[in-house]
Amino acid sequence: MDADQWDARYAATDLVWSVTPNQFVAAEVADLAPGSAVDLAAGEGRNAIWLASRGWDVVAVDYSSVGLAKGRRLAEDQQLPGSVSWVCADATTWESAPVHDLVVIAYLQLPADERRAAVRRGFAALRPGGTLLVVAHDTTNLAEGTGGPQDPRCS
Ligand SMILES: C[S@@+](CC[C@H](N)C(=O)[O-])C[C@H]1O[C@@H](n2cnc3c(N)ncnc32)[C@H](O)[C@@H]1O
Numbered sequence: 007m008d009a010d011q012w013d014a015r016y017a018a019t020d021l022v023w024s025v026t027p028n029q030f031v032a033a034e035v036a037d038l039a040p041g042s043a044v045d046l047a048a049g050e051g052r053n054a055i056w057l058a059s060r061g062w063d064v065v066a067v068d069y070s071s072v073g074l075a076k077g078r079r080l081a082e083d084q085q086l087p088g089s090v091s092w093v094c095a096d097a098t099t100w101e102s103a104p105v106h107d108l109v110v111i112a113y114l115q116l117p118a119d120e121r122r123a124a125v126r127r128g129f130a131a132l133r134p135g136g137t138l139l140v141v142a143h144d145t146t147n148l149a150e151g152t153g154g155p156q157d158p159r160c161s
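All letters in the sequence shown, in the order written, are residues 7 to 161 by the numbering used here.
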């Protein structure tokens with residue numbers, strides 16, 4: 007799916023994903039001290055907002071402006087001890103200085119060369135010793151899982 011298709015998907019319904027964070031993101035990040043984070047391919051911001059609720063200052067990057075706008079509205083309704091800045095950009099070309107404590111990439115299901123580019127961009131945004139968390143469907147999801155991409159190039 008390209009950015010226009012994601013925009014259409016996000017525009018078609020109230021929330022595509024949950025208000026609550028992804029369970030694997032929450033479990034892996036729960037014990038980290040809050041700092042500066044990037045949520046690369048943030049969608050409607052469920053993980054970014056949860057991080058900000060725990061005191062993180064988050065840069066939420068996605069190429070769907072519609073998804074990001076929904077996330078911004080959700081965040082505005084809350085008193086968050088941290089912050090979220092919403093950045094509309096392509097994860098495969100977005101650049102950051104190496105200053106962040108945490109980069110989360112959750113379910114950015116792209117063909118291998120694009121996925122590699124995005125993970126490299128995420129890794130490059132980390133300070134030395136920072137944490138990179140990648141959560142994704144693997145190829146077994148096609149036959150044995152639920153949801154997720156149906157294109158084997160993106161698993
Ligand atoms: C399955 S959703 C996951 C959203 C979010 N990470 C979550 O877990 O709720 C995938 C997201 O990746 C975004 N995306 C896909 N390709 C992208 C790209 N090249 N650059 C930026 N965002 C991208 C889509 O717009 C969509 O919001």
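Using N, Cα and C, we set each Cβ at its ideal position, and we do this for glycine too. Please read these numbers as outputs of a predicted model, since none were measured by experiment.
Can you tell me whether residue i is helix, strand or coil according to DSSP?
i	result
D68	strand
D119	helix
R133	strand
W92	strand
Please find out if some non-hydrogen atom of ligand 1 comes closer than 7 Å to the beta-carbon of residue i.
i	result
R78	no
D63	no
D68	yes
W56	no
W92	no
D119	no
D83	no
D20	no
D96	yes
L6	Past the edges of the chain, shown from 7 to 161, lies residue 6, and the structure says nothing about it.
A17	no
G73	yes
L116	yes
What span of residues does the alpha helix (DSSP H) with residue i cover, start to end?
i	result
D13	A9 to A17
S59	R52 to S59
A33	Q29 to V35
Counting along the chain, where does the beta strand (DSSP E) carrying residue i start and finish?
i	result
A43	S42 to L46
Opposite residue i in the DSSP bridges: which residues?
i	result
L111	Reading the sequence as shown, one finds Ile at residue 111 and not Leu. I111 is bridged to L46 and V140.
D63	S42 and S89
How would you label residue i, buried or exposed, when you count the other beta carbons within 10 angstroms and need 16 or more for buried?
i	result
S42	buried
D24	As written in the sequence, residue 24 is Ser, which differs from the Asp given in the question. Under this definition S24 is an exposed residue.
V105	exposed
L21	exposed
E101	exposed
Examine chain E for any beta-carbon lying closer than 8 Å to the beta-carbon of residue i, and answer yes or no.
i	result
V140	As a matter of chain content, chain E is missing from the structure shown, which is built from one protein chain.
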